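Trainee: Heads up: the sequence shown is residues 3 to 769, going by this note's numbering. Glycine included, each C-beta is placed from N, C-alpha and C at the ideal position. Remember, it's a predicted structure, so these values are computed and weren't measured experimentally. The structure follows.
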Amino acid sequence: MVDAERVVYRTCPLCEASCGLELHLDARDRVVLVRGDRDDVFSGGFLCPKGAALGRLDADPDRVRAPMLRDADGWREVSWPEAWARVAEGLGRVIRQHGRESVGAYLGNPNVHTLSSIVFGRVFLRALATPQVFSASTVDQMPKHVSSGFLFGGGFTVPVPDLDRTELLLVLGANPIESNGSLCTAPDFPGRLDRLRARGGRLVVVDPRRTKTAERADLHLPIVPGTDAHLLFGIVHTLFAESRVDLGVAAPFVASADLEVLRELAAPFTPDAVAAVCGIDAADVVALARDLAATERSVVYGRIGTCVQEFGTLSSWLVDVVNLLVGSLDRPGGAMFTTAAAGSATPPGPARPGRGYRTGRRYSRVRGAPEVQGELPVAALAEEIDTPGTGRIRALVSIAGNPVVSTPDGARLDAALASLDFMVAVDVYVNETTRHADVILPSPSLLAKGHYDLSLLQLAVRNVANWSPPVTAVDDTVDDAEILLRLASIVSGLGPDANPAVLDDLTVATLVDEAIARDGGPLAGRDREDVLAALAPRRGSARVLDLMLRSGPYGDHFGRRATVEVPTDDGTREIPALTLDELERHPHGIDLGPLQPRLPSVLRTPSGAIELCRDEIVADVRDRLVPSLTRSAVDAGHPFLLVGRRDLRSNNSWMHNVEVLVKGRSRCTLHLHPDDAADLGIADGSVARVRSRVGSLEVPVEVTDAVRPGVVSIPHGWGHGLPGTRQRVADAHAGVNVNLLTDGAVLDPLSGNAVLAGVPVAVEASG
Ligand SMILES: Nc1nc2c(c(=O)[nH]1)N[C@H]1C(S)=C(S)[C@@H](COP(=O)(O)OP(=O)(O)OC[C@H]3O[C@@H](n4cnc5c(=O)[nH]c(N)nc54)[C@H](O)[C@@H]3O)O[C@H]1N2
Ligand SMILES: Nc1nc2c(c(=O)[nH]1)N[C@H]1C(S)=C(S)[C@@H](COP(=O)(O)OP(=O)(O)OC[C@H]3O[C@@H](n4cnc5c(=O)[nH]c(N)nc54)[C@H](O)[C@@H]3O)O[C@H]1N2
Ligand code: SF4
Ligand SMILES: [Mo]
3 MVDAERVVYR TCPLCEASCG LELHLDARDR VVLVRGDRDD VFSGGFLCPK
53 GAALGRLDAD PDRVRAPMLR DADGWREVSW PEAWARVAEG LGRVIRQHGR
103 ESVGAYLGNP NVHTLSSIVF GRVFLRALAT PQVFSASTVD QMPKHVSSGF
153 LFGGGFTVPV PDLDRTELLL VLGANPIESN GSLCTAPDFP GRLDRLRARG
203 GRLVVVDPRR TKTAERADLH LPIVPGTDAH LLFGIVHTLF AESRVDLGVA
253 APFVASADLE VLRELAAPFT PDAVAAVCGI DAADVVALAR DLAATERSVV
303 YGRIGTCVQE FGTLSSWLVD VVNLLVGSLD RPGGAMFTTA AAGSATPPGP
353 ARPGRGYRTG RRYSRVRGAP EVQGELPVAA LAEEIDTPGT GRIRALVSIA
403 GNPVVSTPDG ARLDAALASL DFMVAVDVYV NETTRHADVI LPSPSLLAKG
453 HYDLSLLQLA VRNVANWSPP VTAVDDTVDD AEILLRLASI VSGLGPDANP
503 AVLDDLTVAT LVDEAIARDG GPLAGRDRED VLAALAPRRG SARVLDLMLR
553 SGPYGDHFGR RATVEVPTDD GTREIPALTL DELERHPHGI DLGPLQPRLP
603 SVLRTPSGAI ELCRDEIVAD VRDRLVPSLT RSAVDAGHPF LLVGRRDLRS
653 NNSWMHNVEV LVKGRSRCTL HLHPDDAADL GIADGSVARV RSRVGSLEVP
703 VEVTDAVRPG VVSIPHGWGH GLPGTRQRVA DAHAGVNVNL LTDGAVLDPL
753 SGNAVLAGVP VAVEASG
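Here is the structure:
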């Protein structure tokens, strides 16, 4: 081992768990050792293999470090000015010829983990002003935004399970032992589940697969994919039928007429009716309802398996409905709303009625899918490129995304991207998607970025704040903020040479003005120049973060208060009011205490109440869910239901180029139940052909009773080794792209989310 010159502490940006890392750097600031930071106030030393590989990921020789330009002779590295000139020429030409609506934008998952992207991504999108905006949200959590928007009035008003205090945790469609949690920021999820069991609490897992999380559970219910809404409605039905509905602290915020509508909607979902659909015993449905109601601190938590399915919005809505009916919403140990230190859409304060959550402010050009959260379903991206007509996408800006591998019907998107007039990617690899770009603009090294989890800390199971300043100089690399601001300048017509500092100043000034204009807000009536002077000399995303922290619920309100009182597990304590300087003095983060009851101040519905039964939800239950109770489950030509899975050493598509994370047995296999394997005459280790309505592929088989009979599983994020990519390690562990099988035509209609679980497929022996 190389001797470390210095140790720095940083939050891991790789997954939602946000663990504190202790990085040992050599004299050239290379990471020589990674440990879990035992003093981190939130993660307490937890580390997974991906975090441990962070140094290797950052130092990967295949990583793109200089701008790359593609021409007839292939790729070559160029200077930043040359890259910007080409971007300005390419985007400028398409905008001049076809209008800005012909430029599409795709934002991938790592944007959520990048402070500068959260802060300046919207500046870029506003400047681009195209209706063609897509992101990974519509292959992920969009249904939860929609159900939260309907219920609480804001798409980001998502309650999280109060993991550390619950006594009964019902998990549907999540495998946090491998994923480390999602829409529930909880470093060391495994330890938190162990502690739940140790204090006598119970864990129930609903998943078509016996996952590692299910293995730790008191009860595992292997559900038929796509039927969580039925199961949850069976629970709702039982709660009403047995008079077990007790809204607890949420009671004043729910209209009794809504409860009547709900009771009526639940009528057809008797335990017997749902049992037949879900493949779960009616007695288990009834017992779940009783346990949830009888346990003082119970909570239901649903994640990606409940979102990427046919009834994604209804399942997501029902998770919160059940929590509400058993009195768990906003109760310690139940489902609670985080009080984030920075950037919350619902800071503490008096309840403020909102304008009402709306979708469909515009519709996609080809299939007429409604806009949701300002974007269109990514499953519609390929058709928006390959279908002729006015408004057709001719250029794409892809930021930290790999949609060829991550979104449905990847083969069609792959071909569509190849047909674009111009594409620019902000990325760190030449992969299945970015190989189609004309220009790749590299993000800097992880160590060169300031990191604060502006999004994930809105969903944390404890209120915490943690800032990681950049630890290495940005030298010849360009910060994400500058990349986004220069892109914004280019699409605004200011050209590639406009000084990004001007847009940076404008952005922060606008935010300050908004804060000052907010009636009753912490900066109401303040002087703009005073506030800006207090933020100097910081610039870029750190300056915006400082503004958010200081005007946030624990902030110093720019000198108005020196200390704030925060809750602790058994009382309160006084801490210095937050500023970025104060956070910088705490490299292990600042604990702001356990979650607090937040009703009604989080509500932004027009009525000021929880809107339990919005018309859109009622219609979807009546039009689609009720009829599905009696339809035949199996598509004769495609008798198996395909689901995904995640592996601890992987993360979507982009961590397969680091040897330690991919070595060993191939993990991109088809899981097939032994009974099905016997029926089909397919042996363990042989190759199967899997067909869906849209595609087919060949994949090695792992026969295992961890999947339900009739269900097969292939992980996503694989399918490397395509011509023109530059990922040597990943090429040697290519695997197959499961999204060649998923169908872009099928969406959850309320959210536009893709259906990636429960995809009908046929399986046969290959050869
Ligand atoms: N079948 C199936 N498909 C799925 C899923 C599933 O469960 N099943 N899951 C879905 C989910 S939840 C998600 S979130 C999506 C993910 O969808 P995407 O976000 O499109 O895919 P990723 O594989 O996360 O790709 C991330 C990209 O960001 C790049 N990158 C990494 N770090 C940085 C950085 O610091 N800066 C920049 N600029 N780029 C960076 C990587 O090289 C890669 O190209 O996939 C979805 N697809
Ligand atoms: N190691 C690792 N960690 C990750 C990622 C990764 O790729 N690898 N990706 C990150 C991202 S982007 C996200 S969004 C999160 C996701 O985090 P999780 O939501 O925990 O995702 P998964 O581990 O895919 O667990 C989803 C589970 O749903 C099950 N399932 C499939 N269909 C159904 C269904 O119809 N009903 C029910 N009840 N269950 C179903 C699957 O079998 C699977 O076990 O993980 C994040 N963390
Ligand atoms: S669990 Fe997630 S945040 Fe924690 S070390 Fe692993 S990848 Fe990083
Ligand atoms: Mo995701």
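To the nearest angstrom, how far is it from the Cα of V628 to the Cα of A732?
Mentor: Taking the straight line from one Cα to the other gives about 45 Å.
Trainee: Quick check on N111: does DSSP put it in helix, strand or coil?
Mentor: The answer is helix: DSSP assigns N111 an H, G or I state.
Trainee: Am I right that N468 and G22 are in contact with their C-beta atoms under 8 Å? What's the rounded C-beta distance?
Mentor: So it is a contact: roughly 7 Å between Cβ atoms.
Trainee: Just to check my reading of the structure: L772 and A538 have Cβ atoms closer than 8 Å, yes? What is that Cβ distance to the nearest angstrom?
Mentor: What is shown of the chain runs 3 to 769, which leaves residue 772 out entirely.
Trainee: How would you write the range of the alpha helix (DSSP H) that L594 sits in, first residue to last?
Mentor: Segment 592 to 596 is the beta strand (DSSP E) holding L594; no alpha helix (DSSP H) there.
Trainee: Heavy atom of ligand 2 less than 7 Å from the Cβ of L585, yes or no?
Mentor: Every heavy atom of ligand 2 is 7 Å or more from the Cβ of L585, so no.
Trainee: Whose CA, out of P602, L198, H239, I179, lies closest to the CA of I212?
Mentor: It is Arg, not Ile, that sits at residue 212 in the sequence shown. R212 has its Cα closest to that of I179, out of P602, L198, H239, I179.
Trainee: Relative to the alpha-carbon of R600, which residue among A252, P273, V302, D283 has its alpha-carbon at the smallest distance?
Mentor: With distances taken between Cα atoms, R600 lies closest to A252.
Trainee: For K146, is the classification buried or exposed, using 16 other Cβ atoms within 10 angstroms of its Cβ as the cut-off for buried?
Mentor: Buried.
Trainee: Go through its chain and collect everything with a Cβ distance to L174's Cβ below 6 Å, but skip five positions before and after it.
Mentor: For L174, where only same-chain residues beyond five positions count, the Cβ hits under 6 Å are V208, D230, G304, T308.
Trainee: Could you give the DSSP three-state label for D583: helix, strand or coil?
Mentor: Three-state DSSP puts D583 in a helix.
Trainee: Could you tell me if the beta carbon of W77 falls within a distance shorter than 7 Å of some heavy atom in ligand 1?
Mentor: Flag unset: Cβ of W77 not near ligand 1.
Trainee: Hey, how far is the Cα of L631 from the Cα of E661?
Mentor: Between L631 and E661, the C-alpha separation is close to 47 Å.
Trainee: CB T570 to CB G554, shorter than 8 Å?
Mentor: For T570 and G554, no; Cβs fall outside 8 Å.
Trainee: Cutting at 6 Å between CB atoms, please list the residues of its own chain near L674, excluding the five before and the five after it.
Mentor: The residues are V703, V705, V714.
Trainee: Under 7 Å: does the beta carbon of Y431 sit that close to some heavy atom of ligand 1?
Mentor: Checking the Cβ of Y431 against ligand 1 gives yes.
Trainee: Counting C-beta neighbours from all protein chains within 10 Å, is the total for E531 16 or more, i.e. buried, or is it exposed?
Mentor: Burial call: exposed.
Trainee: Sorted by chain position, which residues of the same chain lie with C-beta nearer than 8 Å to R562's C-beta, five sequence neighbours on each side aside?
Mentor: Result list for R562: P524, in chain order.
Trainee: Secondary structure at F255, three-state DSSP: helix, strand or coil?
Mentor: Residue state, collapsed to three classes: helix.
Trainee: State the Cα-Cα distance for the pair S753 and A564, rounded to the nearest angstrom.
Mentor: Using only the alpha carbons, I get a separation of about 44 Å.
Trainee: For the beta strand (DSSP E) containing L316, name the first residue and the last one.
Mentor: No beta strand (DSSP E) contains L316, which is instead part of the alpha helix (DSSP H) from 314 to 327.
Trainee: Determine the extent of the beta strand (DSSP E) in which E103 is found, giving its start and end residues.
Mentor: Note, E103: premise wrong, no beta strand (DSSP E); not H, not E.
Trainee: Taking all protein chains shown into account, decide if L508 is buried (16 or more other Cβ within 10 angstroms of its Cβ) or exposed.
Mentor: That one is exposed.
Trainee: If you draw a straight line from the C-alpha of P498 to the C-alpha of G356, how long is it?
Mentor: In a straight line, the C-alpha of P498 is about 39 Å away from that of G356.
Trainee: Would you tell me roughly how many angstroms separate the C-alpha atoms of D260 and R299, rounded to the nearest one?
Mentor: Using only the alpha carbons, I get a separation of about 24 Å.
Trainee: Starting from L221, follow the beta strand (DSSP E) in both directions and report where the run begins and ends.
Mentor: First-last of the beta strand (DSSP E) with L221: 221 to 223.
Trainee: From the DSSP output, in three-state form, read off I442 for me.
Mentor: Strand, per DSSP.
Trainee: Should S652 be labelled buried (16 or more other beta-carbon atoms within 10 Å of its own) or exposed?
Mentor: That one is buried.
Trainee: Could you check what DSSP says for P578 in three-state terms: helix, strand or coil?
Mentor: If DSSP states are grouped into helix, strand and coil, P578 belongs with the strands.
Trainee: Starting from the Cα of R360, find the closest Cα among R367, P350, E377 and give me that residue.
Mentor: Comparing Cα-Cα distances from R360 to each of R367, P350, E377, the minimum goes to E377.
Trainee: Given a cut-off of 8 Å, decide if Q134 and E386 are closer than it, judged by their beta-carbon atoms.
Mentor: Their beta carbons are under 8 Å apart, which means E386 touches Q134 by this criterion.
Trainee: Applying the criterion that 16 or more other CB atoms from any shown protein chain within 10 Å of the CB defines a buried residue, is A535 buried or exposed?
Mentor: A535 is exposed by the Cβ-count criterion.
Trainee: State buried or exposed for N501, treating a residue as buried only when at least 16 other CB atoms are found within 10 Å of its CB.
Mentor: Exposed is the call here.
Trainee: With DSSP as the reference, please indicate the residues paired to V692 in a beta bridge.
Mentor: Answer by DSSP bridge pairing, in chain order: L699, V765.
Trainee: Regarding L758 and ligand 1, is the C-beta to nearest heavy atom distance less than 7 Å?
Mentor: Yes, ligand 1 has a heavy atom inside 7 Å of this Cβ.
Trainee: Around ligand 3, which residues pass a check of Cβ closer than 6 Å to any of its heavy atoms?
Mentor: Result: C14, L16, C17, A19, S20, C21, L49, C50, K52, G53, N182, P189.
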